[in-house]
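K.L.:
There's a structure below that I have some questions on.
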Amino acid sequence: MTIADLPQRPNAPSLDAFWMPFTPNRRFKADPRLLASAKGVRYETVDGKSVLDGTSGLWCVNAGHGREEIATAVERQLRTLDFAPTFNVCHPIAFEFAERLAEIAPSGGGEKLDRVFFTNSGSESVETALKIAFAYQRAIGQGTRTRVIGRERGYHGVNFGGVSVGGMLNNRRMFPTLPGVDHLRHTHDIAKNAFSDGLPEHGAELADDLERLVQLHGAETIAAVIVEPMAGSTGVLLPPKGYLKRLREIATRHGILLIFDEVISGFGRLGAPFASDLFGVRPDIVTTAKAITNGVMPMGAVFATREVHNAFMTGPEAMIELFHGYTYSGHPVACAAGLATLDIYEREGLLTRAASLETAWAKAWEGLKGARNVIDVRRFGLVVGIELAPREGAPGERAYDAFTEAFRRGLLVRVTGDVIALSPPLIVEPEEIAEIGSILTGVIDDLA
Ligand code: PMP
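Heads up, the sequence shown is in UniProt numbering, so the first residue is 1 and it goes up one at a time.
Written out as structure tokens, the structure reads:
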């Protein structure tokens, strides 16, 4: 199969050379889904079919596709300063973007985490956050703290630190992982919390698992604990009411830094700029990426409190405070994309818009309660996870079938194991939400 076999694409390349990430390549290449353009909440395929973007690309295109002002800003920046390093020299736009981010930085109700380190992806933000945590503990004379705690069913990207603290079996079992990593128990409990409307009632006490790990390893060995306030990639797992607050208290009590991975939940996905704000919990470090540039340029940012930052900026001056950074940290074109993105988010109120769509969003999924093979629907902000009963001996296959059939009917969804996840652009209108709900409900009914 080549792209040329599809209508309207003569002389197109073969599909052989590109080894696609996180994809069953042989399946895909036997039945390709190729997107050619996008505007607003819709893609168009190479054969001219319209597909609703139920996933904001990969949780990143929060302001919708084809935003002219981002394209203009990117083009202008490319023609002015295409690249300059940020090691020892810099450019104003990196400072300008960091300052704008600092203004809206997560605060959890306290002082903002207004010190910003730039990366190029969520995975890099996670590595950066972990390294800052270790280096911080050393800087304050706590160099024995070389362990880090993640969580089962967490996802923190694909680099070695992130895979180690993550809790996805498939991502871990093929590779060696870092020593000194342990995991909190996950908070997913269908027996107690199925079809919770919003945050689950049960499970705050699971945060006490951190006490167990402190007992086991000794607080003096633990640098940080990292969790997603809402785990997206492992199946939309919402934090039980009170869980994150309790985690904060335990971490504080033992001198452990709390890192929130907000690569998905940042920039408005849950109805507030950051989950830290929504849940009123102030972490020490927050990782972001994806929607920071509306997905247009690869970029990430790590937010740190001034307490963390100051540990590097006080004391005897060193040649370099943190031995870490990327060639493209603060890339000028990505900063330009990010600034234009923040302009749109602020002008259109997108960082809180998800909250005003909750009624429409909830209504879209009402029909799935009690539907055959649906064992849970988890909805919060502008996210839903629909968990299907796995087919005997074939985990994930039922959800994958729903994904391919939904695409055929003009809706892009994301599948992770037996869960179908949706997270449309924050500009989506209630009628489009209804359309998304109706297509997917139809697919699930028909497959049953
Ligand atoms: N952390 C979280 C919470 C994520 O959801 C993701 C991506 N889905 C990442 C990290 C990794 O981001 P990236 O794919 O940009 O490296």
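All C-beta atoms in this analysis are idealised placements derived from N, C-alpha and C, irrespective of residue type, glycine included.
Is any non-hydrogen atom of ligand 3 found closer than 6 angstroms to the C-beta of D261, if you look at the structure I gave you?
P.N.:
The model depicted lacks ligand 3 and carries ligand 1 instead.
K.L.:
Helix, strand or coil for D31? Go by DSSP, reduced to three states.
P.N.:
Position 31 of the sequence shown, counting from 1, holds the residue named residue 31. Correct three-state label for D31: coil.
K.L.:
Could you spell out where the alpha helix (DSSP H) holding G400 opens and where it closes?
P.N.:
Here residue 400 refers to the residue found at position 400 of the sequence shown. Here residue 400 turns out to be Tyr, not Gly, going by the sequence shown. Y400 -> alpha helix (DSSP H) spans E397 to R408.
K.L.:
Using CA atoms only, rank isn't needed, just tell me which of V413, L388 and T146 is closest to A448.
P.N.:
By 1-based counting over the sequence shown, the position of residue 448 is 448. Closest by alpha carbon: L388.
K.L.:
Mind checking whether V377 and L422 have CB atoms under 7 angstroms apart?
P.N.:
Working through the sequence shown from its first residue, we reach residue 377 at position 377. Working through the sequence shown from its first residue, we reach residue 422 at position 422. No, the pair does not count as a contact, with Cβ atoms beyond the cut-off.
K.L.:
Under 8 angstroms Cβ to Cβ from A434, same chain only, skipping five residues before and after it: list those, please.
P.N.:
Locating residue 434 in the sequence shown gives position 434, where the first residue counts as 1. Here the set comprises A360, K363 and A364.
K.L.:
Which word fits P179, buried or exposed, when buried means at least 16 other C-beta atoms lie within 10 angstroms of its C-beta?
P.N.:
Looking up residue 179 in the sequence shown gives position 179. Looking at its Cβ environment, which holds fewer than 16 other Cβ atoms inside 10 Å, P179 is exposed.
K.L.:
Considering only DSSP beta bridges, list what T287 is partnered with.
P.N.:
Here residue 287 refers to the residue found at position 287 of the sequence shown. D261 and V302, per the DSSP bridge assignment.
K.L.:
Which residue wins for smallest C-alpha separation from Y69, given the options G154, P390 and V296?
P.N.:
For this step, residue 69 is matched to residue 69 along the sequence shown. According to the sequence displayed, residue 69 carries Glu and not Tyr. Nearest of G154, P390 and V296 to E69, Cα basis: V296.
K.L.:
Count the other C-beta atoms from every protein chain shown that fall within 10 angstroms of the C-beta of M168, then say buried if there are 16 or more, exposed otherwise.
P.N.:
For this step, residue 168 is matched to residue 168 along the sequence shown. So M168 ends up on the buried side.
K.L.:
Does any heavy atom of ligand 1 sit closer than 6 angstroms to the C-beta of I264?
P.N.:
By 1-based counting over the sequence shown, the position of residue 264 is 264. The answer is yes for I264.
K.L.:
Does the beta-carbon of A289, which I'm using as the reference point, lie nearer than 6 angstroms to any heavy atom of ligand 1?
P.N.:
As a first step, residue 289 must be located in the sequence shown, where it is residue number 289. Indeed, a heavy atom of ligand 1 lies less than 6 angstroms from the Cβ.
K.L.:
Out of curiosity, what's the CA-to-CA distance linking H202 and L351?
P.N.:
Along the sequence shown, read from residue 1 onward, the residue named residue 202 stands at position 202. Along the sequence shown, read from residue 1 onward, the residue named residue 351 stands at position 351. Their backbone Cα atoms lie some 28 angstroms apart in a straight line.
K.L.:
Compute the beta-carbon to beta-carbon distance between L101 and A318, rounded to the nearest angstrom, for a pair I have assumed lies under 8 angstroms.
P.N.:
What you label residue 101 is simply residue 101 of the sequence shown in a count that begins at 1. What you label residue 318 is simply residue 318 of the sequence shown in a count that begins at 1. With a Cβ gap of about 25 angstroms, L101 and A318 do not count as contacting.
K.L.:
From P316 to A139, what does the alpha carbon distance come to, in whole angstroms?
P.N.:
By 1-based counting over the sequence shown, the position of residue 316 is 316. By 1-based counting over the sequence shown, the position of residue 139 is 139. Those two C-alpha atoms are separated by around 11 angstroms.
K.L.:
Span of the alpha helix (DSSP H) holding S123?
P.N.:
Here residue 123 corresponds to residue number 123 of the sequence shown, with the count starting at 1. Start and end: G122 to A139.
K.L.:
Just checking E152 against ligand 1 - is the residue's beta carbon closer than 6 angstroms to any of the ligand's heavy atoms?
P.N.:
For this step, residue 152 is matched to residue 152 along the sequence shown. No, since every heavy atom of ligand 1 falls outside the 6 angstroms radius drawn around the Cβ of E152.
K.L.:
Is any non-hydrogen atom of ligand 1 found closer than 6 angstroms to the C-beta of H156, if you look at the structure I gave you?
P.N.:
Position 156 of the sequence shown, counting from 1, holds the residue named residue 156. It does: the Cβ of H156 is within 6 angstroms (strictly closer) of some heavy atom of ligand 1.
K.L.:
Cα separation between G232 and V163?
P.N.:
On the sequence shown, position 232 is the one that residue 232 refers to. On the sequence shown, position 163 is the one that residue 163 refers to. In a straight line, the C-alpha of G232 is about 15 angstroms away from that of V163.
K.L.:
Near A84, what residues of its chain come up, given a Cβ to Cβ distance below 7 angstroms and the 5 sequence neighbours on each side ignored?
P.N.:
Stepping through the sequence shown from its first residue, residue 84 is reached at position 84. Correct list, in chain order: H91 and P332.
K.L.:
Within the continuous alpha helix (DSSP H) that includes A340, where are the two ends?
P.N.:
Counting from one through the sequence shown, the residue named residue 340 turns up at place 340. Its alpha helix (DSSP H) spans residues P332 to R347.
K.L.:
Relative to ligand 1, is the shortest distance from any of its heavy atoms to the C-beta of G232 smaller than 6 angstroms?
P.N.:
One-based indexing of the sequence shown puts residue 232 at position 232. Correct: G232 has its Cβ closer than 6 angstroms to ligand 1.
K.L.:
Compute the distance between the beta-carbons of T288 and G266, then report whether it is under 7 angstroms.
P.N.:
Here the question's residue 288 lines up with position 288 in the sequence shown. Here the question's residue 266 lines up with position 266 in the sequence shown. A contact, by the Cβ cut-off of 7 angstroms.
K.L.:
Which residue's Cα is closest to the Cα of F279: K245, F303 and I285?
P.N.:
In the sequence shown, residue 279 corresponds to position 279, counting from 1. F279 has its Cα closest to that of K245, out of K245, F303 and I285.
K.L.:
My guess is that V165 and I222 are in contact by the Cβ rule of under 8 angstroms, so how many angstroms apart are they, rounded?
P.N.:
Mapped onto the sequence shown, residue 165 falls at position 165. Mapped onto the sequence shown, residue 222 falls at position 222. Not quite, the Cβ-Cβ distance comes to about 12 angstroms (not below 8 angstroms), so this is no contact.
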